[in-house]
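Written out below as structure tokens is the structure these notes cover.
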Amino acid sequence: MGIFKLTITVPDPDTVYDVFDRIEVHRSENGEPGPYFAITADVAAAATLLSANPAPFTLNGTTLKLIVDEGVEQTITFSTTDPTSIDDAVIVVNAQAAGFVASEESGQMRLTSLTDGTSSVVEITGGTALGELGFSVADRDTGEDTHIPLSPLQEEYEYLDRTGETTYAYKTRYYASATGQYSSFSEPALAEVSAVLPAASLILTTIDLAGLDGAPVAERMVVVYNKYVPQVEDGYVLAGKEVRMLTDAVGHAETYLVRGSQVSVAIAGTNIVRDVEVPTVGTSFDLGAALATADDVFQIHTPDIPAAVRRS
5 MGIFKLTITV PDPDTVYDVF DRIEVHRSEN GEPGPYFAIT ADVAAAATLL
55 SANPAPFTLN GTTLKLIVDE GVEQTITFST TDPTSIDDAV IVVNAQAAGF
105 VASEESGQMR LTSLTDGTSS VVEITGGTAL GELGFSVADR DTGEDTHIPL
155 SPLQEEYEYL DRTGETTYAY KTRYYASATG QYSSFSEPAL AEVSAVLPAA
205 SLILTTIDLA GLDGAPVAER MVVVYNKYVP QVEDGYVLAG KEVRMLTDAV
255 GHAETYLVRG SQVSVAIAGT NIVRDVEVPT VGTSFDLGAA LATADDVFQI
305 HTPDIPAAVR RS
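Spelled out as structure tokens, the structure:
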């Protein structure tokens, strides 16, 4: 899996903007024939799976294996007194869970990622507790991003599917949030590869620029340069030279960077050039805040050498 970019063009802006204010994205994992499922919603949502069977369970000594947000496979081991109540089962799972949470729903077990959007994924991969709980191998759910807001000043939009594949197809339609009205669907389209590394290896990096008068600094280039500190991520050597961002009408720009990478950042039209290390944890990274505390790479650094102790 990787990050795929879908470009959406509004062919008749005046007609569309008179009625609609959002774009809804649907995805097919079986190519153009479908079926298609919505991957955007009014509010971003987390991936979640609900077991088919209600408690009580016979779980002592069994296991549940799953992958969350494309991370490493986790094995939950149940050490319980049978019959096991749903409350006890949830406690056991949450004591071992990383990046997700278990909860009770009508006596059944719900597993929910702690992230949202299409980078949020819960997938069952195995274990001996599946039949008892009512999960199956390959049970999988992906979260939803928010609908894309339409702007009268914009005719082309980009949507990033953070768990895409080259075989996936997409359809879009317009949506009016005030009335619930939908347009007809677009023709199927394929997305372009935006990143080959999985979403778990990347972090959303943002920056916001303003002038001394408080006005946004629009169309300003922010360049992130690779310092070429040897780094291998998911089998790929980080050999790309740079990543460029251009601020929008409100001075905002964002991109994805590889977690843990060491970079130099320069803002066009300023003397700001700073070395920054991209964090390894979190869901987003405020590049502007990092620049404010980073050392100036062109400043001469004076070593702090303590004075010698006088001997005479």
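Add 4 to a position in the sequence shown, counting from 1, and you land on the number used in this note's numbering. Note that beta-carbon positions come from the ideal geometry of N, C-alpha and C, so glycine has one too.
Excluding five sequence positions before and after F24, the CB atoms of its chain that fall closer than 7 Å to its own CB belong to L154, Y178, Y179, A180 and S187, given in chain order. Distance between D143 and V72, taken at the CA atoms: about 12 Å. Boundaries of the beta strand (DSSP E) around V228: M225 to N230. Contact annotation: the stretch 201-213 touches the stretch 258-268, with at least three C-beta pairs closer than 8 Å.
Taking 4 residues as the shortest admissible run, the stretch 77-116 contains the following complete alpha helix (DSSP H) segments, listed from N- to C-terminal end: 90-100. Y40 carries a coil assignment under DSSP once its states are collapsed to helix, strand and coil.
Distances from the CA of V228 to each of V197, S205, A253 and A270 were compared; the closest alpha carbon is that of A270. For E136, the enclosing alpha helix (DSSP H) starts and ends at L134 to L137. Non-local beta-carbon contacts of E36 in its own chain, meaning distances under 6 Å to residues more than five positions away in sequence, involve A173 and P192 in chain order. Out of S198, T122 and D165, the CA that lies nearest to the CA of T52 is found in T122.
Between the alpha carbons of A243 and V197 lies a distance of about 17 Å. In this structure, the alpha-carbon of T66 lies about 18 Å from that of R114. Looking at the DSSP output, H30 sits in a beta bridge with A42 and K175.
Under DSSP, G130 forms a beta bridge with K69. With a cutoff of 8 Å on beta-carbon distance, S83 and N64 are scored as near each other. As computed with DSSP, M249 is found in a beta bridge with V226.
The residues I90, D91 and V94, in chain order, have a CB closer than 7 Å to that of E108 in the same chain once the five nearest residues on each side in sequence are set aside.
Closest in alpha carbon position to L194, among G38, V277, A56 and P15, is G38. Spatial neighbours of V126 in its own chain (CB-CB distance under 6 Å, excluding positions within 5 residues in sequence) are listed in chain order as A51, L53, V72, L115, S117 and D145. In the three-state reduction of the DSSP assignment, S205 falls in the helix class. In the DSSP assignment, D212 forms a beta bridge with H256. Boundaries of the alpha helix (DSSP H) around G292: L291 to T297. Exclusion of the five residues before and after T132 leaves T66 and T67 as the residues of its chain whose Cβ lies within less than 6 Å of its Cβ. When beta bridges are read from the DSSP output, L242 appears opposite no residue.
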